[in-house]
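268 is the number that numbering that gives the first Met the number 0 gives the last residue of the sequence shown; the numbers go up by one with no jumps.
Below is one structure, written out as structure tokens, with a few remarks after it.
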Amino acid sequence: MKVGILGTGKMGGALALGLVKGGVVGLNNLIGCNANEPGRTRFESLFQPQSVVTCADLKDWLPYLDVIILSIKPQQMRAGLEGLQGYRPETLFLSVAAGISTDQLERFLGGTPRVVRAMPNTPCLVGEGVSAYCGGQYATAEDLRIADQFLRSVGEVCVVPEEQMNLVTALSGSGPAYTFHFVNGLIEGAVKLGLSPDLARTLAVQTVRGSMGLMAHSAFSALELAAQVKSPGGTTIAGCEVMEKAGVELTLHAVIAAAKKRADELAAG
Numbered sequence: 000m001k002v003g004i005l006g007t008g009k010m011g012g013a014l015a016l017g018l019v020k021g022g023v024v025g026l027n028n029l030i031g032c033n034a035n036e037p038g039r040t041r042f043e044s045l046f047q048p049q050s051v052v053t054c055a056d057l058k059d060w061l062p063y064l065d066v067i068i069l070s071i072k073p074q075q076m077r078a079g080l081e082g083l084q085g086y087r088p089e090t091l092f093l094s095v096a097a098g099i100s101t102d103q104l105e106r107f108l109g110g111t112p113r114v115v116r117a118m119p120n121t122p123c124l125v126g127e128g129v130s131a132y133c134g135g136q137y138a139t140a141e142d143l144r145i146a147d148q149f150l151r152s153v154g155e156v157c158v159v160p161e162e163q164m165n166l167v168t169a170l171s172g173s174g175p176a177y178t179f180h181f182v183n184g185l186i187e188g189a190v191k192l193g194l195s196p197d198l199a200r201t202l203a204v205q206t207v208r209g210s211m212g213l214m215a216h217s218a219f220s221a222l223e224l225a226a227q228v229k230s231p232g233g234t235t236i237a238g239c240e241v242m243e244k245a246g247v248e249l250t251l252h253a254v255i256a257a258a259k260k261r262a263d264e265l266a267a268g
């Protein structure tokens, strides 16, 4: 199976690494496409000392590609797909662009393209991502199987109806950034009170990692797990009361809503 990646940025690179490391695609069957030379160079550096084929345009490769991963910015998608006219009817297009529906991708490509839309997130870079996907009207069961296999090479996978994809984008697609802001607040708060930045980072990162590991292996809800840490009149309750008064959870509700709204706007062009 020969795979082309249109857009070799962080997500394109993460998927490529996952596919190769997982033995899903051989390095000699992978082509990274980026019109920008520094982008191609960064992609090539991911696989050193081995070499990977890169190009500035996929046009000459279209007769040979079985799968094309669309990893370019949503605003660039229409123009990017114009360069893929002449694709083979059996080619699978796997899009990881936010806000671009399967219907839009099909219209941009023309004909009856086999499209799967997915939303992975940046923890894919370390094999700890989560991706949701849905198929377009011409995607076959085999296309969905391949997409699932590709995405599982970099983390967990969920199947959702298309109408929920923008909400998934707002939660798990953008969610790592929200998490990093939260952890940064923990680190900065501790540093202001006297911890060294390195120690504060170590404690905050491992606390979040361990807490999420505990939740992943527990049948308790998030609030039930929080209650297990709280003792009456203790330190945890004192801290949580501040969060409640500040409306942290309500703020996160608004964060998700704002991100979904933006995904909807991208879909509307």
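Ideal Cβ positions, reconstructed from N, Cα and C, are used throughout, including at glycine.
Sequence-distant residues of the same chain with beta carbon closer than 7 Å to residue i, five excluded per side
i	result
Val24	Met0, Val2, Leu18
Lys229	Thr235, Ile236, Cys239
Which of helix, strand or coil DSSP assigns to residue i
i	result
Thr90	coil
Leu251	helix
Ser171	helix
Thr201	helix
Met0	coil
Tyr269	Limits of the chain in this structure are 0 at one end and 268 at the other, which puts residue 269 out of reach.
Ala218	coil
Thr234	helix
Val23	coil
Glu155	strand
Gly31	strand
Residue nearest to residue i in terms of C-alpha spacing, selected from the options
i	options	result
Thr206	Gln103, Val52, Thr178, Ser220	Thr178
Arg261	Gly172, Asp147, Leu192	Gly172
Gly6	Ala55, Asn183, Ser210	Ala55
Gly109	Leu29, Ala96, Asn120, Pro88	Pro88
With 16 other Cβ atoms within 10 Å as the buried cut-off, status of residue i
i	result
Val114	buried
Met164	buried
Gly103	Per the sequence shown, the amino acid found at residue 103 is Gln instead of Gly. Result: buried.
Phe149	buried
Val167	buried
Gly268	exposed
Own chain partners of residue i with C-beta closer than 6 Å, once the 5 adjacent residues on each side are dropped
i	result
Glu186	It is worth fixing the name first, because residue 186 is Ile in this sequence and not Glu. Here the set comprises Ala199, Arg200, Ala203.
Gly134	Val115, Leu143
Close beta carbons around residue i, own chain, < 8 Å, minus the five adjacent residues each side
i	result
Thr139	Arg113
Glu105	Thr111, Pro112, Val114, Gly135, Gln136, Tyr137
Cβ contact check for the stretch 32-44 and the stretch 160-179: 3 or more pairs under 8 Å: no
Contact the stretch 234-248 vs the stretch 69-81: 3+ CB pairs below 8 Å: no
The stretch 119-139 touching the stretch 154-162, judged by at least three CB pairs closer than 8 Å: yes
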